[in-house]
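Heads up: the structure comes next, in structure tokens.
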Amino acid sequence: MTLHICSLKVETAQAVPVLASDYYLLRFPYTVSDESWDPHNMHRPTQPGGAVSTFPDARSGLIWPTVSGWGCLTAMVYWDAGSSSEYRARFVRDPLSLTTGYDSTATTDDAPTPGGQYRHYSHAMFVHPNTPIGLMVRHAASTPLAVTLAELKLAIEDNVTAVPPPPPLLPGKTFP
Numbered sequence: 006m007t008l009h010i011c012s013l014k015v016e017t018a019q020a021v022p023v024l025a026s027d028y029y030l031l032r033f034p035y036t037v038s039d040e041s042w043d044p045h046n047m048h049r050p051t052q053p054g055g056a057v058s059t060f061p062d063a064r065s066g067l068i069w070p071t072v073s074g075w076g077c078l079t080a081m082v083y084w085d086a087g088s089s090s091e092y093r094a095r096f097v098r099d100p101l102s103l104t105t106g107y108d109s110t111a112t113t114d115d116a117p118t119p120g121g122q123y124r125h126y127s128h129a130m131f132v133h134p135n136t137p138i139g140l141m142v143r144h145a146a147s148t149p150l151a152v153t154l155a156e157l158k159l160a161i162e163d164n165v166t167a168v169p170p171p172p173p174l175l176p177g178k179t180f181p
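As structure tokens, then:
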């Protein structure tokens, strides 16, 4: 059994715009540190299909699973002070609709607390190499709010008796 791990952390503030109905994909740098660790190459600038990403473009928010299996996702989000009536987060399969299409799961909606707005999320689901994973957030403030710290971690157990087949690719999409 191998546990495939990708652990991402960013402490560079990201301004989350005011969004009428959509979510913002959090971005992560391509560096290794005490918290950011990617021994299985799931978060690399050169991505499947040959596209090259540079932090903080949207593709820097993607984890590309290297194996199919049971994925355990955890995330942490620290919001800067602001006046929002809600904070939302969701894990999303293919958040940029690059291969199999946008598929959100585990959406969480939180009210503000009296102190800082610090959130932790977890979810488990089947993952596949042709479907990237991302963490998306939104708020209900009338002005942009910053996320000052974000972490996204994926651990894949690949020794699963039966893994469902991967979702089909979108029409016109190919996967190397």
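Residue numbers (our numbering): 6 to 181.
Yeah, the Cβ is synthetic: ideal placement off N, Cα and C, and Gly gets one too.
No experiment lies behind these values; they were computed from the predicted model shown.
Please state the DSSP three-state secondary structure of residue i.
{"i": "residue 74", "result": "strand"}
{"i": "residue 139", "result": "strand"}
{"i": "residue 65", "result": "helix"}
{"i": "residue 96", "result": "strand"}
{"i": "residue 115", "result": "strand"}
{"i": "residue 52", "result": "coil"}
{"i": "residue 133", "result": "coil"}
{"i": "residue 41", "result": "coil"}
{"i": "residue 157", "result": "strand"}
Rounded to whole angstroms, what's the CA-CA distance from residue i to residue j? Just pull it up for me.
{"i": "residue 108", "j": "residue 38", "result": "30 Å"}
{"i": "residue 23", "j": "residue 92", "result": "12 Å"}
{"i": "residue 141", "j": "residue 167", "result": "29 Å"}
{"i": "residue 110", "j": "residue 160", "result": "17 Å"}
{"i": "residue 156", "j": "residue 81", "result": "5 Å"}
{"i": "residue 10", "j": "residue 179", "result": "25 Å"}
{"i": "residue 87", "j": "residue 7", "result": "42 Å"}
{"i": "residue 103", "j": "residue 90", "result": "32 Å"}
{"i": "residue 34", "j": "residue 154", "result": "12 Å"}
{"i": "residue 118", "j": "residue 85", "result": "13 Å"}
{"i": "residue 136", "j": "residue 171", "result": "8 Å"}
Is it the case that the Cβ atoms of residue i and residue j are separated by a distance below 8 Å?
{"i": "residue 105", "j": "residue 173", "result": "yes"}
{"i": "residue 36", "j": "residue 50", "result": "no"}
{"i": "residue 12", "j": "residue 41", "result": "yes"}
If contacts are defined as beta-carbon pairs under 8 Å, then residue i and residue j qualify, I think. What distance do you get, rounded to the angstrom?
{"i": "residue 158", "j": "residue 79", "result": "5 Å"}
{"i": "residue 152", "j": "residue 18", "result": "7 Å"}
{"i": "residue 48", "j": "residue 68", "result": "5 Å"}
{"i": "residue 98", "j": "residue 138", "result": "6 Å"}
{"i": "residue 176", "j": "residue 20", "result": "Not a contact, Cβ separation roughly 34 Å."}
{"i": "residue 146", "j": "residue 77", "result": "Contact doesn't hold; Cβ gap of about 31 Å is too wide."}
At a Cβ threshold of 8 Å, is residue i touching chain B?
{"i": "residue 26", "result": "The structure shown has no chain B; it contains just one protein chain."}
Would you check if the stretch 115-127 and the stretch 67-74 touch, i.e. whether three or more CB-CB distances between them fall below 8 Å?
no
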